[in-house]
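Using mature numbering (1 follows the signal peptide of the UniProt record, and there is no 0), the letters of the sequence shown map in sequence onto residues -27 to -1, 1 to 378.
Below is one structure, written out as structure tokens; comments come after it.
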Amino acid sequence: MRQLWTGRRLFAALLSLGITLSFTGCGGGNNTTGLDSQAVLITVQPLSQTTPVGQTATFTVAATGTSLLTYQWSENGAKIAGATGTSYTTPDVALGAGGSTTVGSFQVVVSNGVNSVMSNAATLTAGPRSPKAGDLRYLLWQQADAPGLFSTGGGSGEVEVSPSGIIDTTASQALGSPLGMGSSFACGDGACTWSYIFQPLPTATSALNMYYKGGIYSNFTSDLQSYAAANIVFTSMDFEPAENAYAVSWVQTTQPSGFDYRLDPVVPAGTEQQTQIQAQATLDGTESRIVTAVSLDASGNATLISYGWTGDTTTVYETQTIAVPPSTSISPAVVSAATTLANAGYFISAFGGNDTDGYILIGARVKGDTLTRSITQASTATQPPYQTPVVYLKELGVDTIITEK
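Spelled out as structure tokens, the structure:
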């Protein structure tokens, strides 16, 4: 009779022979697969940058590695309290010791449980001051703080005053130049024409519109008063009394603003005119006001427009006025005067005049700002801060456009 082996009898038999079995199951075990810890690797280093005086700079780092990553920023080798994120934003930039434009050197240490890695050093350099966001009184094109100002192509336009009527134009969602000035070119046969150039705004920039308007010279005071509003700034004006014509340009913002228009007292012609214009501009500067437009009438008397702004009520502005006398080579003389102002840290806030009496340039700067400004006749900047057209002089056969930042 065949003997049947049950599991118990088989197990007992195997034990009697000294054989043991080891059983493994498919659940409840402690088998795990371990992941190797990853060391810190910096993939994006902080970059050196130049930032205008009075603005902040931001340095950023990116890194990989096993979490948890920690960060500690330092300036000139000293840890910055509380600077423990992937980016660090500085206080408002100011000149370094002794007026140096080198503000400091910034690094970050990125750490985890495996290692610590120090980034490359990024240098912060102070550049010439830019206007505050929303301040339309000077260096207007720097209000476009996003790339793309020149990406869609600009254009040009004209204002005309003639016996047959007045032609006004507008550049919507754009930044524009001052009026092109020069009596020998602009006027003739009872009519005057002023040119301007413009660039459409980048899509990320707040809405700004440019207006270019002509009128009857004898009405200019009442006209300007009727145009003035808290959200506009006159950027240039030109009187042509011989043709009973004038033109004015202004920028208008759709944002809350608070600009305070003032037609300053007329400065009479004469040998003391430049000194008196300087005195008026200086007075405006002590009141946190900036002269934004200047022109000469038939007698050579000077009219100035100045603006205050609710966003800037305590700044003291230093000013410098240069008069360029009439000559057969106006353009080189104007370029030379503009360069002199820029080299001393002045932004050109107003330009005006005519071929008979000469031209006036008014420069302003925040008190103590002496950093040389960039000035050119052929700006190719594609990133902010952008060069702003501050002078547009038209002579027969010659257009001189001076830009500054």
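Note that beta-carbon positions come from the ideal geometry of N, C-alpha and C, so glycine has one too.
Boundaries (first-last residue) of the beta strand (DSSP E) holding residue i
{"i": "Tyr290", "result": "290 to 297"}
{"i": "Lys186", "result": "181 to 189"}
{"i": "Gln356", "result": "Counting along the chain, Gln356 falls outside any beta strand (DSSP E), and DSSP gives it neither H nor E."}
{"i": "Trp167", "result": "164 to 173"}
{"i": "Thr345", "result": "That residue, Thr345, is in no beta strand (DSSP E); it is neither H nor E in DSSP."}
{"i": "Leu269", "result": "263 to 269"}
{"i": "residue 387", "result": "The requested residue 387 does not occur in the structure, where the chain is confined to residues -27 to 378."}
{"i": "Leu14", "result": "14 to 17"}
{"i": "Leu23", "result": "Residue 23 is actually Thr in this sequence, not Leu. Thr23 -> beta strand (DSSP E) spans 22 to 25."}
{"i": "Gly38", "result": "Note, Gly38: premise wrong, no beta strand (DSSP E); not H, not E."}
{"i": "residue 380", "result": "This structure cannot speak to residue 380, because the chain is shown only from -27 to 378."}
Span separating the alpha-carbon of residue i from that of residue j
{"i": "Gly7", "j": "Thr176", "result": "For Gly7, the predicted model reports a pLDDT of 41, less than 50, meaning its position is unreliable and no value from the coordinates is stated."}
{"i": "Ala70", "j": "Ala99", "result": "12 Å"}
{"i": "Ile374", "j": "Ser129", "result": "13 Å"}
{"i": "Asn192", "j": "Ile303", "result": "29 Å"}
{"i": "Leu256", "j": "Phe171", "result": "32 Å"}
{"i": "Val81", "j": "Tyr359", "result": "30 Å"}
{"i": "Ala266", "j": "Thr276", "result": "8 Å"}
{"i": "Tyr365", "j": "Val132", "result": "14 Å"}
{"i": "Leu122", "j": "Trp114", "result": "9 Å"}
{"i": "Thr313", "j": "Glu216", "result": "33 Å"}
{"i": "Pro298", "j": "Tyr332", "result": "7 Å"}
{"i": "Lys52", "j": "Tyr44", "result": "11 Å"}
{"i": "Thr57", "j": "Ser168", "result": "53 Å"}
{"i": "Ser206", "j": "Val224", "result": "Reading the sequence as shown, one finds Val at residue 206 and not Ser. Using only the alpha carbons, I get a separation of about 5 Å."}
{"i": "Gly187", "j": "Thr244", "result": "31 Å"}
{"i": "Gln198", "j": "Ser60", "result": "48 Å"}
{"i": "Ser145", "j": "Ser10", "result": "57 Å"}
{"i": "Ile139", "j": "Pro305", "result": "32 Å"}
{"i": "Thr208", "j": "Gln356", "result": "23 Å"}
{"i": "Thr345", "j": "Pro25", "result": "12 Å"}
{"i": "Thr33", "j": "Gly27", "result": "20 Å"}
{"i": "Val240", "j": "Thr194", "result": "15 Å"}
{"i": "Ala242", "j": "Asp328", "result": "15 Å"}
{"i": "Leu41", "j": "Pro120", "result": "35 Å"}
{"i": "Arg110", "j": "Tyr200", "result": "16 Å"}
{"i": "Lys367", "j": "Pro19", "result": "45 Å"}
Proximal residues to residue i (C-beta, below 7 Å), its chain only, five neighbours per side dropped
{"i": "Tyr319", "result": "Gln293, Gly336, Ala337, Arg338"}
{"i": "Met91", "result": "Gln80, Val82"}
{"i": "Gly284", "result": "Lys105, Gly107, Asp108, Gly231"}
{"i": "Arg(-26)", "result": "Note on Arg(-26): pLDDT 42, under 50, position unreliable in the model; no value is reported."}
{"i": "Thr75", "result": "Gly69, Thr96, Thr98"}
{"i": "Ser21", "result": "Ala95, Thr96"}
{"i": "Val371", "result": "Ser304"}
Run of the alpha helix (DSSP H) containing residue i, from where it starts to where it stops
{"i": "Ser157", "result": "156 to 159"}
{"i": "Asp233", "result": "Here Asp233 belongs to no alpha helix (DSSP H); instead the beta strand (DSSP E) covers 232 to 236."}
{"i": "Ala215", "result": "Run containing Ala215: none; DSSP gives neither H nor E here."}
{"i": "Asp196", "result": "193 to 200"}
{"i": "Val307", "result": "303 to 316"}
{"i": "Leu256", "result": "246 to 259"}
Cβ neighbours of residue i in the same chain (closer than 8 Å, five flanking residues each side left out)
{"i": "Gln228", "result": "Gly107, Ser179, Ala180, Asn204"}
{"i": "Gln350", "result": "Val308, Thr373, Ile374, Ile375, Thr376"}
{"i": "Thr288", "result": "Ser261, Val339, Lys340"}
{"i": "Ser89", "result": "Val13, Val82, Val83"}
{"i": "Pro214", "result": "Tyr190, Asp270, Ala271"}
{"i": "Gly(-10)", "result": "Per-residue confidence for Gly(-10) stands at a pLDDT of 46, beneath the threshold of 50, marking its modelled position as unreliable; the derived number appears in the next sentence. Nothing listed; no residue qualifies."}
Contact set for residue i: own chain, Cβ-Cβ below 6 Å, skip 5 residues either direction
{"i": "Pro362", "result": "Ser150, Ile374, Thr376"}
{"i": "Arg235", "result": "Ser279"}
{"i": "Thr62", "result": "Thr29, Thr31"}
{"i": "Gly77", "result": "Glu48, Asn49, Leu97"}
{"i": "Leu112", "result": "Pro104, Phe320, Thr361"}
{"i": "Ser84", "result": "Thr43"}
{"i": "residue 383", "result": "Because the chain here runs from -27 to 378, residue 383 falls outside it and cannot be looked at."}
{"i": "Gly2", "result": "Residue placement at Gly2 cannot be trusted, given a pLDDT of 43 that sits under 50; what the coordinates show is reported in the next sentence. Cβ within range, chain order: n/a, list empty."}
Whole-angstrom C-beta distance between residue j and residue i, which should lie under 8 Å
{"i": "Asp330", "j": "Leu369", "result": "Between Leu369 and Asp330 the Cβ distance is about 18 Å, and since that is not below 8 Å, they are no contact."}
{"i": "Ala30", "j": "Val87", "result": "Between Val87 and Ala30 the Cβ distance is about 31 Å, and since that is not below 8 Å, they are no contact."}
{"i": "Met183", "j": "Ser124", "result": "That belief does not hold up - the Cβ atoms of Met183 and Ser124 are roughly 18 Å apart, past 8 Å."}
{"i": "Ala296", "j": "Gln253", "result": "Actually they are not in contact, since the Cβ atoms of Ala296 and Gln253 sit about 14 Å apart, beyond 8 Å."}
{"i": "Ile348", "j": "Ala311", "result": "6 Å"}
{"i": "Ala117", "j": "Leu174", "result": "6 Å"}
{"i": "Met210", "j": "Gly55", "result": "50 Å between Cβ atoms; not a contact."}
{"i": "Thr164", "j": "Val134", "result": "Sequence inspection shows Ala at residue 164; the Thr mentioned does not correspond to that position. That pair is a contact at about 7 Å."}
{"i": "Gly281", "j": "Asp233", "result": "4 Å"}
Legend entry - the region 154 to 165 touching the region 102 to 120, judged by at least three CB pairs closer than 8 Å: no
Legend entry - Stretch-stretch touch, CB-based, cutoff 8 Å, three pairs: the region 12 to 20 with the region 34 to 41: yes
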